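Some notes on the structure that comes next.
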Amino acid sequence: AQTVTQSQPEMSVQEAETVTLSCTYDTSESDYYLFWYKQPPSRQMILVIRQEAYKQQNATENRFSVNFQKAAKSFSLKISDSQLGDAAMYFCAYRSYTGTASKLTFGTGTRLQVTL
Amino acid sequence: ETGVTQSPTHLIKTRGQQVTLRCSSQSGHNTVSWYQQALGQGPQFIFQYYREEENGRGNFPPRFSGLQFPNYSSELNVNALELDDSALYLCASSLRSGGRDGYTFGSGTRLTVV
Numbered sequence: 003a004q005t006v007t008q009s010q011p012e013m014s015v016q017e018a019e020t021v022t023l024s025c026t027y028d029t030s031e032s033d034y035y036l037f038w039y040k041q042p043p044s045r046q047m048i049l050v051i052r053q054e055a056y057k058q059q060n061a062t063e064n065r066f067s068v069n070f071q072k073a074a075k076s077f078s079l080k081i082s083d084s085q086l087g088d089a090a091m092y093f094c095a096y097r098s099y100t101g102t103a104s105k106l107t108f109g110t111g112t113r114l115q116v117t118l
Numbered sequence: 004e005t006g007v008t009q010s011p012t013h014l015i016k017t018r019g020q021q022v023t024l025r026c027s028s029q030s031g032h033n034t035v036s037w038y039q040q041a042l043g044q045g046p047q048f049i050f051q052y053y054r055e056e057e058n059g060r061g062n063f064p065p066r067f068s069g070l071q072f073p074n075y076s077s078e079l080n081v082n083a084l085e086l087d088d089s090a091l092y093l094c095a096s097s098l099r100s101g102g103r104d105g106y107t108f109g110s111g112t113r114l115t116v117v
């Protein structure tokens, strides 16, 4: 079974600085998707960025980028020029299948604080 | 394009009761998944519905059941509620594979069992 590990329960970053959130996963598959989701106090899971495993190029979405190391099974999220609105829980997730259903397996999350 | 809507937002039930949670999927999405998120944890996959049938289930007992309707909306039913069922229940809609276009989540239903 796939597992996702986020080893940083909490992180703090100053406004305008850069922070990196860590995620490792375990899988025997060769092709898969990885995601970072943001969950603010409104509770809605918001997609931040996705990475297809067969693509060697790291995904980038504006201030958000990933460092995808397939051999090491590592998928970290870098947030540049941090803003107060970035404060939230961040979850790393792996897409797999159970039966014919696609499902996400989430890590336990990292709470990001953004300070002035 | 409408997002995913869940109702109700909050619910308090007594142990042993039954509850129904509702979800309207995003326009264009044909698949609905349900997740349970306990306090301080990541969401756990309950099951997924596609073409009105359950096509995959996580490690949840049969008292967790669901429906999907022709308009792709969905219900999650939980019978014989237990205290440990207290959690945030999230609905996510997608196209079937979910990978390329991702999953769109609702804001969840906070269920408290007393």
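Sequences listed follow chains A and B, in order.
Per my numbering, the first sequence starts with residue 3, numbered consecutively.
Per my numbering, the second sequence starts with residue 4, numbered consecutively.
All residues carry an ideal CB built from backbone N, CA and C; glycine is no exception.
Only a predicted model underlies this, so the values are computations on that prediction, with no experimental measurement involved.
Would DSSP call residue i helix, strand or coil?
| i | result |
| --- | --- |
| residue 87(A) | helix |
| residue 86(B) | helix |
| residue 58(B) | strand |
| residue 12(B) | coil |
| residue 24(B) | strand |
| residue 40(A) | strand |
| residue 6(A) | strand |
| residue 110(B) | coil |
| residue 61(A) | coil |
| residue 45(A) | coil |
| residue 98(B) | coil |
Locate the beta strand (DSSP E) running through residue i, then write down its first and last residues.
| i | result |
| --- | --- |
| residue 13(A) | 12 to 16 |
| residue 33(A) | From DSSP, residue 33(A) is part of no beta strand (DSSP E); its letter is neither H nor E. |
| residue 103(A) | 103 to 108 |
| residue 54(A) | 48 to 54 |
| residue 69(A) | 66 to 71 |
| residue 77(A) | 76 to 81 |
| residue 72(B) | No beta strand (DSSP E) holds residue 72(B); DSSP gives it neither H nor E. |
| residue 47(B) | 47 to 53 |
Determine the contact status of residue i and residue j, defining contact as a CB-CB distance below 8 Å.
| i | j | result |
| --- | --- | --- |
| residue 15(B) | residue 115(B) | yes |
| residue 138(A) | residue 70(A) | As displayed, chain A neither begins before 3 nor continues past 118, which places residue 138(A) out of reach and without an answer. |
| residue 23(A) | residue 96(A) | no |
| residue 108(B) | residue 95(B) | yes |
| residue 102(A) | residue 59(B) | yes |
| residue 11(A) | residue 113(A) | yes |
| residue 25(A) | residue 78(A) | yes |
| residue 55(A) | residue 72(A) | yes |
| residue 8(B) | residue 30(B) | no |
Name the DSSP beta bridge partners of residue i, please?
| i | result |
| --- | --- |
| residue 18(B) | Answer is none; residue 18(B) lacks a bridge partner. |
| residue 67(B) | 81(B) |
| residue 30(B) | DSSP lists no partner for residue 30(B). |
| residue 95(A) | 37(A), 108(A) |
| residue 25(A) | According to DSSP, residue 25(A) bridges with nothing at all. |
Write down the C-beta distance between residue i and residue j rounded to the nearest angstrom, noting that I regard them as a contact closer than 8 Å.
| i | j | result |
| --- | --- | --- |
| residue 51(B) | residue 34(B) | 6 Å |
| residue 92(B) | residue 37(B) | 7 Å |
| residue 83(A) | residue 116(A) | That belief does not hold up - the Cβ atoms of residue 83(A) and residue 116(A) are roughly 11 Å apart, past 8 Å. |
| residue 21(B) | residue 86(B) | About 15 Å; that fails the 8 Å criterion. |
| residue 55(B) | residue 73(B) | 7 Å |
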